[in-house]
Amino acid sequence: MITHSFRFVAPLAVGLFLAACSKEPSDGVVGENDNTVVGKTAGADAVNETSAPDDASADRDTDALNSRPGAATGSDGADDRVRQLQRIPTLFRGTWATNAGECNARNHQRFTVTDTGVGFFEGGGEATNIRRNSSALAVTYTETNESLEPGAKVVYFASLDGGGAMRVRKGNGDSIRFIRCTRGSEPSRSDDGAVTSGTTATVPARFRNLYALDRQACAEDYNYQTAFQNVRVRAKTVNFFETGGPVTKTEVRGNSIAITLDETVGDNTTRPTISFALNDDGTARYRAGQNEPVRAVVRCEE
999 MITHSFRFVA PLAVGLFLAA CSKEPSDGVV GENDNTVVGK TAGADAVNET
1049 SAPDDASADR DTDALNSRPG AATGSDGADD RVRQLQRIPT LFRGTWATNA
1099 GECNARNHQR FTVTDTGVGF FEGGGEATNI RRNSSALAVT YTETNESLEP
1149 GAKVVYFASL DGGGAMRVRK GNGDSIRFIR CTRGSEPSRS DDGAVTSGTT
1199 ATVPARFRNL YALDRQACAE DYNYQTAFQN VRVRAKTVNF FETGGPVTKT
1249 EVRGNSIAIT LDETVGDNTT RPTISFALND DGTARYRAGQ NEPVRAVVRC
1299 EE
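If you read the sequence shown in the working numbering, its first letter stands for residue 999, the second for the next number, and so on.
And the structure:
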């Protein structure tokens, strides 16, 4: 496999646990696809939870944050409508996707927000500055993905539909509408919890390949240490250098795939999920687990 040093062999959680709020000051969590409060939380950052009446109003609230002096860095500005917060309000927390069909995907159309940070398909991090203007929120975070441009980044959220949707803008990019993922928006599941919509236990042909950190490792010459980190993906199996196992589920969205397999390590069998996103140049982006960094790999059999 790409390497045991950056890949968990424990079963992969489908996503992050998300923090939720009540009116009492304590901590609590909520599952990424379950908006039921498990614990208690709240505080001053949860008051005045307002949503914009329409998308245009939401974008105007965001623009006010974006144009404020020091908006990109979180430094003080002159606009007294902007409130500085310690935590991300509950209105903005949860799992969000461009449509209901993406709520169980692992791609750029879905992301999560907790009380302390944001997590995207590639990137995210802990919040270092949180600012509120009416329906809009600006979250400055320190990028944790080493393959992306490091440093402080900002993402803007503007709540809509009473918290059921929001407009999202990364930096100076376009504003995109996302909906909140709830149990009703998830694809149907079988009794064993497997997603039955848009999934299969067979890896499509375009994803079947030998993936390596560089072209030299493609020769599978194990005198070259990097070759020990190769990943072989076949229709029904995934193999790493010492381990591997049968594919139990795949989730495909365009040129991205999440592969769940039964991996046997000694006497133990775990169910990890790995992800690939294919590029047009014969490379791919590989994630060995939810909390693992995205790595650039080559497709050896192009």
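We put the CB at the ideal spot given by N, CA and C, even for glycine.
Check                                                                                                          : Outcome
Where F1238 falls: helix, strand or coil (DSSP)                                                                : coil
Status (buried if at least 16 other CB within 10 Å, exposed otherwise) for A1192                               : Confidence in A1192 is poor, its pLDDT being 36 and thus under 50, which makes the residue's placement unreliable; the coordinate value appears in the next sentence. The residue is exposed, with fewer than 16 neighbouring Cβ atoms inside 10 Å.
Beta-carbon proximity of V1296 to A1210, cut-off 8 Å                                                           : yes
DSSP-derived helix/strand/coil call for G1264                                                                  : coil
Separation of T1093 from M1164, as counted between CA atoms                                                    : 11 Å
Nearest candidate by alpha-carbon position, reference E1141, set A1134, F1119 and S1133                        : F1119
Three-state secondary structure assigned by DSSP to S1055                                                      : helix
Beta carbon of T1110 nearer than 8 Å to that of G1117                                                          : yes
Coil, strand or helix - Q1288 by DSSP                                                                          : coil
Nearest neighbour of N1253, chosen from T1246, R1283, T1096 and D1265 [CA to CA]                               : R1283
Of the listed residues R1175, R1091, I1272 and R1213, nearest to E1300 (C-alpha basis)                         : R1213
Every unbroken beta strand (DSSP E) within the region 1084-1116, with a cutoff of 3 residues, ordered by chain : 1092-1095 and 1108-1111
Beta-carbon proximity check, I1086 vs L1135, cutoff 8 Å                                                        : yes
Residues that F1176 bridges to, as DSSP identifies them                                                        : M1164
Between the CA atoms of P1270 and G1115 - distance to the nearest angstrom                                     : 24 Å
Of the listed residues G1171, D1057 and V1229, nearest to V1152 (C-alpha basis)                                : G1171
C-beta contact flag for S1133 and S1049 at 8 Å                                                                 : yes
Straight-line Cα distance separating R1129 from A1056                                                          : 15 Å
Member of T1060, S1145 and G1162 whose CA lies at the smallest distance from the CA of G1169                   : T1060
Extent of the continuous beta strand (DSSP E) to which Y1222 belongs                                           : Per DSSP, Y1222 belongs to no beta strand (DSSP E) and is neither H nor E.
Cα-Cα separation, V1292 to G1242                                                                               : 20 Å
R1091 versus F1176, R1104 and Y1222, residue with shortest Cα-Cα distance                                      : F1176
Contact set for G1280: own chain, Cβ-Cβ below 7 Å, skip 5 residues either direction                            : V1296, R1297 and E1300
Test item: CB-CB of T1258 and T1246 under 8 Å                                                                  : yes
R1108 versus N1064 - alpha carbon distance                                                                     : 23 Å
Exposed unless 16 or more other CB atoms sit within 10 angstroms - verdict on S1145                            : exposed
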